[in-house]
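**Q** Just so you know, the protein sequences line up as chains A, B and C, in that order. Per my numbering: the first sequence = residues 51 to 422. Per my numbering: the second sequence = residues 54 to 587. Per my numbering: the third sequence = residues 359 to 764.
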Amino acid sequence: MKDNVLSVENLSKRFAPAAPPVVHEVSFDVEDGEIFALLGPSGCGKTTTLRCIAGFERATEGTVRTRDRVLESPDEHVSPEERGIGLVFQDYALFPHLTVLENVAFGLRDRPPEDRTRRAREALKMVGLTDFDDRKPHALSGGQQQRVALARTLAPEPELILLDEPFSNLDALLRQGTRQEVRALLKEKGMSAVLVTHDQEEALSFADRVAVMRGGQIEQIGTPEDVYYRPRTLFVAQFLGRTNLLLSDAAGTEADTAIGRIRLDRPSSGTVLVSLRPEHLTLEPPESDAGPRGTVVGRAFKGHDITYRVECDGAEYLVHTHNRMSYEPGDPVCIRPQEAAVVLESRTHPADVPGGMTEAAPDPEAAAAESA
Amino acid sequence: MTVRQVLESARERWYVAVPLAVVTAGVLIPLAYLLVRALQAEPGQLVDLVVRWRNVRLLGNTVALTAGVLVGTTLVAFPLAWLTTRSNLQGRGLLTLLGVLPLAVPGYVMAYVLLATTGQYGTLAQTMGVVLPRISGYEGAFLALTLGTYPYLYLNLRTALLGLDPSLEESARALGYSRWETFRRVILPQLRPAFLSGGLLIGLHVLGDFGVVSLMRYETFSYALYLQYAASYDRVYAACLALMLLALTGAILLLEARLLKGLLYHRAGSGTTRRAAPWSLGAWKPAGYAFAGTVGFLSVGLPVLTVGYWMADTAATGLPWASLGRSLWASVSASAPAAVLAALLALPVAYVGVRFPSKGAKAVERIAYLGYATPPLAFALALIVFTLGALPFAYQTLALLVVAYALHFMAEAVGPIRSALYQAPPNLEEAARSLGRTPLQAFWGVTVPLLRRGLLVSVAFVFLSAMKELPLTFLLSPIGFQTLALDAWSYANEAMFGEAAPFALTIMAFSALFVGLLLARETERTEQPEAVAG
Amino acid sequence: MWNFGEDTMKGGLGRYQFWCGFFRLDPDNETLAAPPRFTRSDTAMNRPWSGFLTVLLAAVLAVTSIGCQQQTEQEELVIYSGRSKALVDSLVEMYRQRTERPVSVKYGTDSQLLAALKEEGDQSPADVFWANTTGALSNAIENDLLTTLPDSLMNRPARFAPASKQWVPVTTRFRVLAYNSSNVDSTDLPASVTGLPEIDELDGRIGWTPAYSSFQDFVTAVRTVEGEDAARQWLQGMQDLNPKSYTSNTPMIRALAAGEIDVALTNHYYVLRLKHGGAEGEYEEEEGEEEEAEEEEEAPRRGAPVNTYHFASGDVGNLALVTGAGVLQTSDQREAAQEFLQFLLSPDAQAFAASSVNEYPVVPDAGVQNYMLPVDDALALSPDFNYDQLQEIDATLALLRDEGLL
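1. At a CB distance below 9 Å, what residues from the segment 78-112 of chain A approach chain B? Give them in sequence order.
2. Would you kindly check if the distance between the Cβ of A:Pro382 and the Cβ of A:Arg343 is under 9 Å?
3. Can you pull the DSSP bridge partners for A:Val138?
4. Tell me which residue opens and which closes the beta strand (DSSP E) that A:Phe86 is part of.
5. Is the Cβ of A:Ser129 closer than 9 Å to any Cβ of chain B?
6. Do you know offhand how far C:Ala694's Cα is from C:Glu586's?
7. In chain A, which residues lie with their C-beta within 7 Å of the C-beta of B:Ser487?
8. Check the Cβ-Cβ distances between C:Pro741 and every residue of chain B, and say whether any is below 9 Å.
9. Within 10 angstroms of its Cβ, does A:Glu275 collect 16 or more other Cβ (buried), or is it exposed?
10. Exposed or buried, C:Ser469, counting other C-beta atoms within 10 Å across all chains shown (16 or more means buried)?
11. Are the CB atoms of B:Leu434 and C:Ala473 within a distance shorter than 9 Å?
12. Where does the unbroken alpha helix (DSSP H) through B:Val467 begin, and where does it stop?
13. Output needed in chain order: residues of the segment 495-515 of chain B with a Cβ under 9 Å from some Cβ in chain A.
14. Between the beta-carbon of B:Ala368 and the beta-carbon of B:Val455, is there less than 9 Å?
15. Quick one, which residues of the segment 577-608 of chain C are near chain B if we go by CB-CB under 9 Å, in chain order?
16. Give the range of the alpha helix (DSSP H) segment to which C:Phe576 is assigned.
17. Within the segment 453-517 of chain C, note down every full alpha helix (DSSP H) run reaching 4 residues or more, in order along the chain.
18. What did DSSP end up calling C:Asn600 once you bin it into helix, strand or coil?
19. Would you check if there are 3 or more beta carbon pairs closer than 8 Å linking the segment 463-476 of chain B to the segment 405-425 of chain B?
20. With a cut-off of 9 Å, does the C-beta of A:Ala68 fall near any C-beta of chain B?
21. Going by the CB atoms, is the gap between C:Pro722 and C:Ala519 shorter than 9 Å?
22. On the DSSP letters alone, give me the boundaries of the beta strand (DSSP E) that C:Trp566 sits inside.
23. Where B:Ala70 and A:Arg159 are concerned, what is the direct C-alpha to C-alpha distance, given to the nearest angstrom?
24. Just to check my reading of the structure: A:Val286 and A:Glu269 have Cβ atoms closer than 8 Å, yes? What is that Cβ distance to the nearest angstrom?
25. Check whether chain B comes within 9 Å of A:Pro146, counting only Cβ atoms and requiring the distance to be less than that.
26. Quick one: grab the DSSP three-state call for A:Glu378.
27. Can you tell me whether C:Ser442 is helix, strand or coil according to DSSP?
28. At a cut of 8 Å, does the segment 496-515 of chain B reach the segment 453-463 of chain C through at least three beta carbon pairs?
29. Name, please, each residue of chain A whose Cβ falls closer than 9 Å to the Cβ of B:Gly522.
30. Is the distance from the Cβ of C:Leu703 to the Cβ of C:Val526 below 9 Å?
31. Using a beta-carbon distance cut-off of less than 9 Å, what residues from the segment 473-490 of chain C approach chain B?
32. Relative to the C-alpha of B:Asp588, which residue among B:Glu309, B:Val501, B:Leu244 is closest?
33. I need the straight-line Cα distance from B:Pro72 to B:Ala538, nearest angstrom please.
34. For the pair the segment 97-112 of chain A and the segment 167-184 of chain A, tell me if three or more CB-CB distances fall below 8 Å.
35. State the CB to CB distance for the pair B:Leu430 and B:Pro524, rounded to an integer number of angstroms; the pair is presumed to be in contact (CB under 8 Å).
36. Looking at the strands, I want to know which residues DSSP matches up with C:Asn538.
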């Protein structure tokens, strides 16, 4: 067995014996120095999984290991304080009665006092927060509080830190920058981390690997590119961003669709659902090909690229093109895939799925409502 | 959760489980005692004694008095709370102290004072020539109890009013509601938990009160109960009456639980919300002062003046300093540790109720209130039987008295801690544990400091009650142990008001001093973050 | 560590050891004493809070250490006193000075102490039970709590010694009718208390204390002297006059002084205390003057003029209420206890009771305050009957309950 920093096997959690599982047979490993993301809409079980890893929930079944040490199993429960796992909360959970420095030094009590203060100052410096040592948390801005929370978790130098939606309380502008800083910091320190988020952009840009969860189960694990470009299921394809879904009649590595014959990423046969990201499509003038024609119905100029909405055979498709390709609404066009289409596992009955584009669901509530 | 998991979590949080077990046992022992005694009754005699028209009358009287005092305290406490938190009256700090001090006045002193003030030969008639009808019966009991217990409601309402988020009111105003409508439809509903928890303490206090009702000649259950013990030396019938009283208490607790259902939420935010701008009273300002002044005078000034008047004669011949000092020390040495212990016991009770709100947790919390409502005489007798049976070396020790006070008055300590807990986010403890703290360390290091204010109020409440306590002290104190309350009561009971007065005044003065110090600390601390946030 | 023997239970030592151990054994305390190390760091982290805890802890420990002080070496005499501190404290102090024997007193009401004695059973630390009423003493005998006393003790009192010989009378008080002399003419008052219900003018102006032990003793005496039916008729007749019920005599006498009622069935000393104050009066060795209490001319300090009315000599309305004390079965120092009772019957102690709480001595050679009746006159007031019959309190309670008074 590999001595991974974290290894979760067949983890299940029910809150009552008769209740449906909130987490169902979840398994994944986190390698040394890896940043791993659990991505999914709210209610998908990702936070419960995180709390089982941290030790705040008891797993109903399955095991959680770090290296060769079992942290959680039906017979074993290591209490949170003995796990040596750091945790950053969504609302930071800073101790309101302690100053910034005291907060950061809180996890360092086993060290001699001088060392403790020095370590805490270092951690604060690491997150770029000096000169606030004696402030109380409520006198800080949201971004500053977030940094204190991070410094507090980093100070004892745990091998693994868990991040529970740590960026969601920051405003959009701050969020992106902070994300990159934190990632750089973790990489620099060689720390392993598990991030829980419902924001696909955050997961894709922050993590080395992403597990997409739905209904208590992991649907797919892979690198950000993997899960984005090669989603295994309809849910993953939709949740990670806008995509075009096509019902196609497959034969081998090719299939007939409403936009013509396309290449598939793997051999298949019969009626299958395939996904094509908008940026994998391009538009061509109609005369260049004999395939089905569409009509441009919408155009959104975004500076570096342009997004077209194209109607073809009664369905609408999204196409991202570079900004030198210029069509106006009403222009006849052909839609041309530049990459092989991804064949999705038919979890959902194909008849339920409308052809054409679908939006990613960045809003977890909407996603939950949809899946319900 | 399976039984195993319950046991496991009980072991992990032994610092919660152990006090809970102590509390539960401490309250159930007297209940068991009463049941055993009641079962000794001869059935025929029992039926004769329990099924009586007189008991129906007692029930009616008890309910009428309880309801009356609840209304009365609301009429006093609510305007006072509003004036001291939301109006632009000056000297609100002083007024706040006035709202607490009546707790330092023993009920029987208040009753004696009211009796002595009114009437053709009352002090009022003698000093100012104003003859008011001598107050007694329902009106007397109502007035004395209202003036003595409104602080329980006042302090709850005050905290709730201070914690209200002004933006709720502002949005209601923005949605087109008038001030009055906003008050009725937005503010009042949010005050309901405060009304209920203050009202519960007051209700239970009235149910158990003996001193006031006996002096005012108003017959309630606890009055009849006391007479049984006093007149006939009859433990059995008294136990039956005590159980009837407890059944009534149980009904009140159920009613409160039902009314409270779904009313308690964790407050969002860190508690550093801004304060609402004070309402300008304008031309009503003098009326505001008059109201606060009248309440303060009746509940604090009048007892102090009257007792001082009684003392005038004795003071001339010299005060019994030595015995005052001895009794003061005795009172404090029992009340102070009891107050701390009660707060420590109430802490896990409130903690479990707020953090793990299950039926079991609610039950434990209710049990604490049941202990408060158990007639102290029965409580004391049960503890005598229990300690002599199980811990004979503890009998008639100060430790036993301290534990008895703590168990009996713990209910007063639960409320303030509970409201403080609602403002301490639960994940702080998880954060502490992820940083290597055990559950107990996380609890002590993180949650308890945040409850400081609630703990202080709890300690103050129990201290004040313990300073005035009589029946438990009579029966459980070490031999030769004389508290101020015992002294004041025994002299007053023999009609020696001059001799009783120094002791009564010392109770009031020392309690006021203690509470003043605690509250000064409290305001000092709470002003700080507000200054930063503002 | 603990010695569960009877001796330590009685003496101070065993109890206080437990008290010492109490807080030390409490594991929570460790955390109290030593808050998480972190809070004591050099950065003065969280000092105010730990400061507060420290203060509380110090308070607790201070109390504990006081409790731990060993109380006494010598076996102390433990008195359970239903009599109030006003009388007992000074007498016990006097006794302590004379004998240098440590004495401690537990105060309570008769009923509280009786209940405690019964629940304590043979583990009671008490040596002497000193009660306010013969009812309580009789109840103690019924429950087999008292020991038989030697004749040397029983022969001391001039009157009222019980046939059971299980307690000695210490003082006596008398039932009287107190009245407001500006509203009631004493010549209109009946010669016997049994005539009181016939005075219709007193409708709504009478005060009584049906729940109070001395009133119940009085009703028992009426039942004994006049018969069961007469007692019931008297109660019914009284109730037709709409009397006001008080829990005890003090509030009733104050109600009388306040003009709320005009006559009150009470005990003699309440009137004296109202008029002459309480315990502060020093005892003066003056022979009784001829002045009768009811003719007292001194104006009351405040309130209505309250005076004492005695019914005709031998009337049950003048019933003597005897207070007494006995030695308990649980006592392991009965001799010392008897010695204490002997002291209570000494002329000094008897005179002190008269001066401090205005009660009458039971030994012939003690003096009383000048405003009190001479002892011999007072003793003649009370009817002559077997005082052991006052034990029959249950029938009285049943009667009072029947009549809706309890």
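Cβ atoms here follow ideal geometry from the backbone N, Cα and C, with glycine treated the same way.
**A** In short, the structure shows the following:
1. Arg101, Ala104, Gly105, Phe106, Arg108
2. Position 293 of the first sequence, counted from the first residue, corresponds to residue 343 of chain A. Position 332 of the first sequence, counted from the first residue, corresponds to residue 382 of chain A. Result yes, Cβ atoms of A:Arg343 and A:Pro382 sit closer than 9 Å.
3. As a position in the first sequence, residue 138 of chain A is number 88, starting the count at 1. Answer is A:Leu213, bridged to A:Val138.
4. Taking the first residue of the first sequence as position 1, residue 86 of chain A is located at position 36. It spans 85-89 - the beta strand (DSSP E) in which A:Phe86 sits, taken as one unbroken run.
5. For the purposes of this step, residue 129 of chain A is identified with residue 79 of the first sequence, where counting begins at 1. By this cut-off, A:Ser129 is an interface position.
6. One-based indexing of the third sequence puts residue 694 of chain C at position 336. One-based indexing of the third sequence puts residue 586 of chain C at position 228. Computed Cα separation, rounded: 42 Å.
7. The residue labelled residue 487 of chain B in the question sits at position 434 within the second sequence. Per Cβ cutoff of 7 Å: Ala104, Pro130, Ile135, Gly136, Leu137.
8. Sequence index remark: in the third sequence, residue 741 of chain C carries index 383 (1-based). Closer than 9 Å: no.
9. Locating residue 275 of chain A in the first sequence gives position 225, counting from the first residue. It is exposed - the Cβ of A:Glu275 has fewer than 16 other Cβ atoms within 10 Å.
10. Locating residue 469 of chain C in the third sequence gives position 111, where the first residue counts as 1. Label assigned to C:Ser469: buried.
11. Position 115 of the third sequence holds residue 473 of chain C. Position 381 of the second sequence holds residue 434 of chain B. Yes, these two residues count as a Cβ contact at 9 Å.
12. Locating residue 467 of chain B in the second sequence gives position 414, counting from the first residue. Element bounds for B:Val467: 451-474.
13. Ala495, Gly498, Val499, Pro502, Leu503, Arg505
14. Working through the second sequence from its first residue, we reach residue 368 of chain B at position 315. Working through the second sequence from its first residue, we reach residue 455 of chain B at position 402. No, they are not a contact pair.
15. Lys602, Ser603, Tyr604, Thr605, Ser606, Asn607, Thr608
16. Here residue 576 of chain C corresponds to residue number 218 of the third sequence, with the count starting at 1. That run of the alpha helix (DSSP H) goes 571-584.
17. 468-478, 492-500, 509-512
18. Within the third sequence, the letter at position 242 stands for residue 600 of chain C. In this structure, C:Asn600 counts as coil in the three-state DSSP scheme.
19. yes
20. On the first sequence, residue 68 of chain A is found 18 positions in, with the first residue counted as 1. By this cut-off, A:Ala68 is not an interface position.
21. Counted from its first residue, the third sequence places residue 519 of chain C at position 161. Counted from its first residue, the third sequence places residue 722 of chain C at position 364. No, these two residues do not count as a Cβ contact at 9 Å.
22. The residue labelled residue 566 of chain C in the question sits at position 208 within the third sequence. 564-566 is the span of the beta strand (DSSP E), which, as asked, contains C:Trp566.
23. As a working mapping, residue 70 of chain B is identified with position 17 in the second sequence. As a working mapping, residue 159 of chain A is identified with position 109 in the first sequence. Cα to Cα, B:Ala70 sits roughly 27 Å from A:Arg159.
24. For the purposes of this step, residue 286 of chain A is taken as the residue at position 236 of the first sequence. For the purposes of this step, residue 269 of chain A is taken as the residue at position 219 of the first sequence. Contact flag correct, Cβ pair sits at about 5 Å.
25. Here residue 146 of chain A corresponds to residue number 96 of the first sequence, with the count starting at 1. A:Pro146 counts as touching chain B.
26. Working through the first sequence from its first residue, we reach residue 378 of chain A at position 328. Coil at A:Glu378, not helix or strand.
27. In the third sequence, counting from the first residue as 1, residue 442 of chain C sits at position 84. The answer is coil: DSSP assigns C:Ser442 none of H, G, I, E or B.
28. no
29. Position 469 of the second sequence holds residue 522 of chain B. Note that residue 522 of chain B is Glu in the sequence shown, not Gly. None at all; the shortest Cβ gap to chain A is about 34 Å.
30. Here residue 703 of chain C refers to the residue found at position 345 when the third sequence is read from its first residue. Here residue 526 of chain C refers to the residue found at position 168 when the third sequence is read from its first residue. Taking 9 Å as the Cβ cut-off, C:Leu703 and C:Val526 qualify as a contacting pair.
31. Ala473, Ala474, Lys476, Glu477, Glu478, Gly479, Gln481, Ser482, Pro483, Ala484
32. Residue 588 of chain B lies beyond the stretch modelled for chain B, which goes from 54 to 587, so this question has no answer here.
33. One-based indexing of the second sequence puts residue 72 of chain B at position 19. One-based indexing of the second sequence puts residue 538 of chain B at position 485. So the two alpha carbons sit approximately 29 Å from each other.
34. no
35. One-based indexing of the second sequence puts residue 430 of chain B at position 377. One-based indexing of the second sequence puts residue 524 of chain B at position 471. Indeed, because the Cβ distance is near 5 Å, the residues count as touching under 8 Å.
36. As a position in the third sequence, residue 538 of chain C is number 180, starting the count at 1. Looking at the DSSP assignment, C:Asn538 forms a beta bridge with C:Val664.
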